[in-house]
Amino acid sequence: MAAIHPTPKLSEFYDFFSFSYLSPPILNLRKCDPKDVEGWRDGDYFVMQIKICNGKLIQVVASIKGFYTVGKHFFKSHSLLDLLQNLSQAFANAYESLMKAFVGHNKFGNLPYGFRANTWLVPPPVAECPANFPSFPSEDEEWGGNGGGQGRNGEYDLRPWATDFSILASLPCKTEEERIIRDRKAFLLHSQFIDVSIFKAVAAIQHVMNSRLNVKGHPDSVLHEHRTGDLSILVKHDSEDVKLECGVKVAGHQSSGMTTSEIARRNLLKGITADENVVVHDTSALGTVIVRHCGYTAIVSVVGDVKKEKSGARDIEIDDQPDGGANALNINGPAEVTGGGQSNQSNLIDSKSSRCLVQRVIKENLTKLEENSAAPERTIRWELGSCWVQYLQKQETSTDATSKGLANDQEAEAAVKGLGKQFKFLKKRDKKPSNISSTVEKEDNDSELCSEDVKSNLGQESNVELSSEMELKHLISKEAFSRLEQSGTGLHLKSAEELIKMACKYYDDIALPKLVTDFGSLELSPVDGCTLTDFMHLRGLQMHSLGRVVELSEKLPHIQSLCIHEMITRAFKHVVKAVVASVEKIEDLPVVIASTLNFLLGSCGVDVNASSANDDYLIKLTWLRKFLGAKFGWKLKDEFQHLRKLSVLRGLCYKIGLELVPRDYDMECQEPFRSCDIISMYPVCKHVGCSSADGRTLLESSKIALDKGKLEDAVNYGTKALTKMIAVCGPYHRTTASAYSLLAVVLYHTGDFNQAAVYQQKALDINERELGLDHPDTMKSYGDLSVFYYRLQHMEMALKYVNRALFLLHFTCGLSHPNTAATYINVAMMEEGMGNVHVALRYLHEALKCNQRLLGADHIQTAASYHAIAIALSLMEAYSLSVQHEQTTLKILQAKLGPDDLRTQDAAAWLEYFESKALEQQEAARTGTPKPDASIASKGHLSVSDLLNYISPDQDSKGSDVQRKQRRSKVLQISDKTHDTRNNLQTDGAVFVDATDKATATVDINEIEFFSLIWSSWTCSGVSGTKVSFFP
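Numbers 1 to 1032, taken from UniProt numbering, label the letters of the sequence shown in order.
Put into structure tokens, the structure is as follows:
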């Protein structure tokens, strides 16, 4: 069977945004000399010559009273656009077509503020001539924000940062209203600090590169140190060796001299005592920014003294930023342009020498890996402590509930249970009152001895607990200790060393297996290294555990694939960083980086002269096995042969800050990259995130309510979360986009498709600008928006956005992923809605095979695929096959969810309907009554694959209007039939609302309305890890 979807190409990355198929209204515009214009008047500003789409040249003067033409025909207007439209019908037509296409990207008038290409692939115009292209971003304040960040001119360099952060930590925060004010101040101050720090860091790095300070030395030695007010900027040269970086990069402690064990202890104590103020109160982490750029690392930190005369203030003076994230610094702005736009005329000697440099770095590190096999010291993220406390509290709650149930059933047993070994004789006396001789005396003696031992042990334990308690009181604040004591976990009685051992045991035995379990249930569904990292870090899990995740994910091949790709990407990142650090001149970076990428991602070759390439391949593979084994504890086998190299390239560019030309790289050749493909290197910045803790809590509550089907609660929580996010982070921040996106999904389930699309479009605009054009959140917005457009009957727009989502999924997780399968089902819905049932069935069949292969034949998501195919077959009158697929659906759901689950009951109702229609069809065939699509129905015992081969587009397109009307009537009948059994039923992740009523209220409904109605029972995970229903 032919491929279900054409293989995407990198060269087509910007086609989605391009209007190149349209004629530009203006071909050229240039400013003219006023001396060349006759009749120059007072109040005239300048003259310009405009060449419009039909080649006509028009001279226009801009004056104080508006615009007027120069020449035989005199026209005057207050608007240049009106002037050109009146002068030329060709211009008017071209401008109208351009605006129509532009508005076509958004049906709801929420037009984007401007285009900002902050992704690893630059737009084609930039690739042609990057040196002459204006630095990003180019939009100004009139377009919603300058995008240039604050402090560009040094106006905030001498701000009392130490005092302001100290005041921030002391602001009142007991009520939600107080926290909103405090969080807003924190967001504004921290955003300003980040922008200033990046400018200072990049300037310091450029100063080192352009001066004689660029002397190679020890990687930890400081090349440049600068102090501006309360800010300290340290610049270090990156190591020229591929290091096994161990532990967590804890902001604020890289240069503090703390050991790994001290950092682990501090982070664990911070985590187990964390509350909603944990980020703001940790001023050392909040006041640190790390910037890596062109082989250097700059650490900007707040080191000034707190001014006592101002520290008692209860407020911070800082200008509000109403546009929020739109005014944030675009990290691609201070990029270092390295090349591009030139033909591949690089010197062969330079190419060879740079390849030798890569070989030397690899060989030297391979030797060190073979000599040193010591395991790195273990560290702890503070999020692990927070998750651990939550787990213990849940365990305590479930234990209390269980004990209460036992108390109700066995009151007498519970009265004795738990009294201890020395009281067991009481229970035996009650059972045998007559035996009061030597047996009782023996038990009395035993109990007395036991009682003495218990008293002794209790005394020792009490002393140990008291000692541990005193130790913790010295390590954490009084308020933090009080929170830990009130948590009900008993951790306040443990010593710091005991806490670390217990946390590590929780990490290995509970946290990692729970992560894999959530991957299998699609509670979390990472699509690339970015989302995989986020999911692990949010749970306090470190990326060096990826090898263990691969072992635990034995039955989840897509998770194994993501982990392997992320491990290889991280390994290659260290190689590129080491090679870049070895380059002395910035102009040599393009050829060196291209050679490094060719060495890492190029093929070994098949020609006669490929012996050296084969040697390089063997060295690379040997080093990679050693490195992955040492860093991740995982042994590479033959997985490298099946590597998705474009996915690795994408992740590598994001991790080291590379911008490339968007062209089709041939990964099967020995040198797929040229020096002109390397456009620039931009700074990679790491810092603490600052947003609204209450807003995040409300978002989580909205997700939980949505999963439970409590839509009213989900709407309330989501609306409050969005309000708090806007109040704290502004209308254009990434956390605000998350709130918009979740609320859109909730509103979609309530049936408010129009408002859902508006909110999702807002989220998409923010994600494209702030996160990038192929970020997972951007990808999710495309996918969700396509479904919303589909429900609003914008079929072309729906297909456009869903195909964009598929395009991006190909470069992130590949075609073998549950999210790709779910997107196939989306495409199937839309294709069926346009009458292409045969295309829809092919997509559904591909989704089924994908879910079977990745999740297993008995997974709930596999059952959803069977259910979708059953519906599609029923629309083709193949009810026998519908029965077979729905029987499989019901069997899976009964085994996984039980007979009482609403989804199981729903599948049983559908099976009953399909069986009744199959009997009607058989009776009609027996009596000779003609039925539509009888030729397909007669093939009812064929497999879906055989049926797909049987179907042809021509046969499907021969359906008459009468047949389509018959389908519509069946939709109405089915909607009536299922309305009573499904009304007001709540399911896991969605409920049946309004859609049935809409179906029965209108006669003009399309049959796909019924097709999409079935999906309210099924949920699959979105990119962000939240269960969202793709179909209401």
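No residue lacks a Cβ here, since even glycine has one placed at the ideal position from N, Cα and C.
Excluding its 5 nearest sequence neighbours in each direction, Thr596 has C-beta neighbours in its own chain below 6 Å: Val358, Val576 and Val579, listed in chain order. It is roughly 22 Å from the alpha-carbon of Ser680 to the alpha-carbon of Phe17.
Bounds of the beta strand (DSSP E) holding Lys31 are Ile26 to Cys32.
Contact check for Leu524 against Ala496 fails: the beta carbons are separated by 9 Å or more.
Excluding sequence positions up to five before and after Glu846, its CB lies within less than 7 Å of the CB of Ile4 and Tyr824, all in the same chain and listed in chain order. Between Val728 and Ala285, the C-beta gap is not smaller than 9 Å, which leaves the two residues out of contact. By the Cβ neighbour-count rule, Arg769 is buried, with 16 or more other Cβ atoms within 10 Å of its own.
Inclusion of Phe811 and Arg650 in the CB contact set at 9 Å is warranted, their separation being smaller than that value. Exposure of Thr367 is indicated by the presence of fewer than 16 other C-beta atoms within 10 angstroms of its C-beta. The C-alpha of Met543 lies about 11 Å from the C-alpha of Arg381.
Residue nearest to Val684 within the set Ala131, Phe13 and Ile331 is Ile331 (criterion: CA-CA distance).
Contact between Lys573 and Lys645 is absent: CB atoms are separated by about 15 Å, not below the 8 Å threshold.
Under the three-state reduction of DSSP, Asp44 is assigned to strand. Straight across, the Cα-Cα distance linking Ala169 with Asn277 is about 9 Å. Annotation: the continuous beta strand (DSSP E) that includes Met681 extends over Ile678 to Met681.
In this structure, Phe91 sits near Asn54, with a CB-CB distance shorter than 9 Å. For Thr533, the CB contacts under 7 Å within the same chain, skipping 5 residues up- and downstream, are Met543 in chain order. Here Ile194 is buried. Its C-beta has 16 or more other C-beta atoms within 10 Å.
Taking a C-beta distance under 9 Å as the contact criterion, Ala878 and Glu832 do not qualify as a contact pair. With contacts defined by Cβ atoms closer than 9 Å, Pro25 and Ala94 form a contacting pair. Between Thr163 and Val306 a beta carbon distance of about 5 Å is seen, short of the 8 Å cut, so the two are scored as contacting. Secondary structure of Ser874 (DSSP, three-state): helix. Gly66 sits in a strand when the DSSP states are folded into three classes.
If you draw a straight line from the Cα of Ile316 to the Cα of Ile180, it comes to about 14 Å.
Collapsing the DSSP output to three states places Glu276 in coil.
Counting the other Cβ atoms within 10 Å of the Cβ of Asp638 gives fewer than 16, which makes it exposed. Just so you know, the alpha carbons of Ser386 and Ile290 end up roughly 25 Å apart. Judged by DSSP in its simplified three-state form, Val684 adopts strand. By the criterion of a C-beta distance shorter than 6 Å, Pro34 is surrounded in its chain by Trp40 and Val47, once the five residues flanking it on both sides are discounted. Each of Met797, Phe788, Gln760 and Tyr732 was checked against the Cα of Leu771, and the nearest Cα belongs to Tyr732. Rounded to whole angstroms, the gap between the alpha carbons of Pro776 and Glu371 is 40 Å. Boundaries of the beta strand (DSSP E) harbouring Val300: Tyr296 to Val302, taken from the DSSP string. Cβ contact annotation for Ser865 (same chain, cutoff 6 Å, sequence separation greater than five): Ala847, Leu848 and Asn851, in chain order.
For Thr904, the uninterrupted alpha helix (DSSP H) segment begins and ends at Leu902 to Thr927. By the neighbour-count criterion, in which a residue is buried when 16 or more other Cβ atoms sit within 10 angstroms of its Cβ, Ser692 is buried.
Here Ile892 carries a helix assignment [DSSP, helix/strand/coil].
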